[in-house]
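Engineer: If you're matching positions, the sequence shown starts at 14 in my numbering and goes up one per residue. Backbone N, C-alpha and C fix where the C-beta goes; we use that ideal spot for every residue, glycine too. Below you'll find the structure I mean.
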Amino acid sequence: MNSDYRIVVLLSGSGTTLQSIIDANLPANISAVISNKVGVIGLTRAKSAGIPTHALEHTNYPTREDFDRDLKELIDQYKPDLVVLAGFMRILSSDFVNHYYGKLINIHPSLLPKYKGTKTHQRVIDQGEPLHGSSVHFVTSELDSGPILLQARLPVLSSDSTGSLELRVKAKEHIIYPTAISWLAEGRIHLDGNDIYMDGKKMAGPVVIDYM
Ligand code: GAR
């Protein structure tokens, strides 16, 4: 990746999402990968790709605000244009979120605003939903909320288990997240209040890619 557009990726786990961003060879530079957990595979993936890594353990901090303050300081050393949450399983304080207004995105495994929170694949199956997917959205201080830029939508199959559904959703996440990041890196996307502008035009809703 050779570009002046700088990304910092935050993660907590296996980092398949990070891997998809690395492999997409975007017009952007991943300046650093930061985890709130030591020893996760996501950090190994980053090191293998020659990306600087940091582990900032949240358990060492008395409060969320203390952790978020140090996290912010660390991120800002890299002067990122975009902060990408890639399986970063932490609620962020409003100070943190406001600091990165318009520059902080997340991917969440559901068709938001449905199924915020955890265990989305299991809940979708339990509810007998015909459709499921994943959403790329700007982060606001409310959990899994914020203007939605791009969604992947796919059918839930009668044969689906939680595991198979998660795998199918993840495969699509690995397409839509790099796509959304490339739009941002190319300067095509801007946030104004709660409105997203694409190529200068206000979006009426998210771009939805159907994988039927
Ligand atoms: C992804 O499916 C992502 O959508 C989800 O965590 C997974 C991370 O996978 N994020 C959330 O649930 C955020 N609320 P990975 O660790 O293999 O990249």
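(1) Please confirm if the region 105 to 113 is in contact with the region 74 to 91, defined as three or more CB-CB distances below 8 Å between the two stretches.
(2) Measuring straight from C-alpha to C-alpha, what distance separates Pro93 and Asp79?
(3) Is DSSP giving Met14 helix, strand or coil here?
(4) Within 10 angstroms of its Cβ, does Tyr114 collect 16 or more other Cβ (buried), or is it exposed?
(5) Thinking just about the alpha-carbon of each residue, which of Ala217, Met211 and Leu124 is nearest to the one in Asp223?
(6) Could you please give me the residues that DSSP links to Ser148 through a beta bridge?
(7) Contact defined as beta carbons within less than 8 Å: I believe Ile194 pairs with Ile34. What is the distance between those atoms, to the nearest angstrom?
(8) Does the distance from the CB of Ile47 to the CB of His67 come in under 8 Å?
(9) Return yes when the Cβ of Asn49 is within less than 8 Å of the Cβ of Leu31, no when it is not.
(10) Could you say if the region 191 to 207 and the region 157 to 173 meet the contact criterion of at least three C-beta pairs nearer than 8 Å?
(11) Please indicate yes or no: does the CB of Ala99 lie closer than 7 Å to some heavy atom of the ligand GAR?
(12) Classify Pro122 as buried or exposed, calling it buried when 16 or more other Cβ atoms lie within 10 Å of its own Cβ.
(13) Assuming Gln164 contacts Val97 under a Cβ cut-off of 8 Å, what Cβ separation, rounded to an integer in Å, is found between them?
(14) Here's a check: name, in chain order, each residue in its chain whose Cβ is nearer than 6 Å to the Cβ of Leu95, leaving out the five neighbours to either side.
(15) Tell me the DSSP secondary structure of Asn38 in three-state form.
(16) Here's a check: name, in chain order, each residue in its chain whose Cβ is nearer than 6 Å to the Cβ of Ala59, leaving out the five neighbours to either side.
(17) In angstroms with no decimal places, state the Cα-to-Cα distance between Val22 and Met225.
Structural biologist: Taking the definition as stated:
(1) They touch, by the three-pair rule.
(2) In the sequence shown, the residue the question calls residue 93 occupies position 80. In the sequence shown, the residue the question calls residue 79 occupies position 66. If I take the Cα positions, the gap works out to 21 Å.
(3) In the sequence shown, the residue the question calls residue 14 occupies position 1. Since pLDDT at Met14 reaches only 49, below the 50 mark, its modelled position is unreliable, and the value read off the structure follows with that caveat. In the three-state reduction of the DSSP assignment, Met14 falls in the coil class.
(4) Taking the sequence shown and counting its residues from 1, one reaches residue 114 at position 101. Per the 10 Å Cβ criterion, exposed.
(5) On the sequence shown, residue 223 is found 210 positions in, with the first residue counted as 1. The candidate whose alpha carbon is nearest that of Asp223 is Leu124.
(6) Position 135 of the sequence shown holds residue 148. Its beta-bridge partners are His121 and Gln164.
(7) Taking the sequence shown and counting its residues from 1, the one referred to as residue 194 is at position 181. Taking the sequence shown and counting its residues from 1, the one referred to as residue 34 is at position 21. With 8 Å as the limit, Ile194 and Ile34 qualify as a contact, their Cβ atoms being about 6 Å apart.
(8) Mapped onto the sequence shown, residue 47 falls at position 34. Mapped onto the sequence shown, residue 67 falls at position 54. Yes.
(9) By one-based count along the sequence shown, residue 31 stands at place 18. By one-based count along the sequence shown, residue 49 stands at place 36. Not in contact: Leu31 and Asn49 (Cβ atoms no closer than 8 Å).
(10) Between the region 191 to 207 and the region 157 to 173 there are three or more C-beta pairs closer than 8 Å, enough to call the two in contact.
(11) For the purposes of this step, residue 99 is taken as residue 86 along the sequence shown, with counting starting at 1. In this structure, the ligand GAR has a non-hydrogen atom nearer than 7 Å to the beta-carbon of Ala99.
(12) For the purposes of this step, residue 122 is identified with residue 109 of the sequence shown, where counting begins at 1. Pro122 is buried by the Cβ-count criterion.
(13) Translated into the one-based positions of the sequence shown, residue 164 becomes position 151. Translated into the one-based positions of the sequence shown, residue 97 becomes position 84. Contact doesn't hold; Cβ gap of about 17 Å is too wide.
(14) Position 82 of the sequence shown, counted from the start, is the residue given in the question as residue 95. Once the five neighbours on either side are set aside, the close Cβ partners of Leu95 are Ile20, Lys116 and Leu197.
(15) Translated into the one-based positions of the sequence shown, residue 38 becomes position 25. Coil.
(16) For the purposes of this step, residue 59 is taken as residue 46 along the sequence shown, with counting starting at 1. Val46 and Thr66.
(17) Counting from one through the sequence shown, the residue named residue 22 turns up at place 9. Counting from one through the sequence shown, the residue named residue 225 turns up at place 212. Cα to Cα, the separation comes out at about 30 Å.
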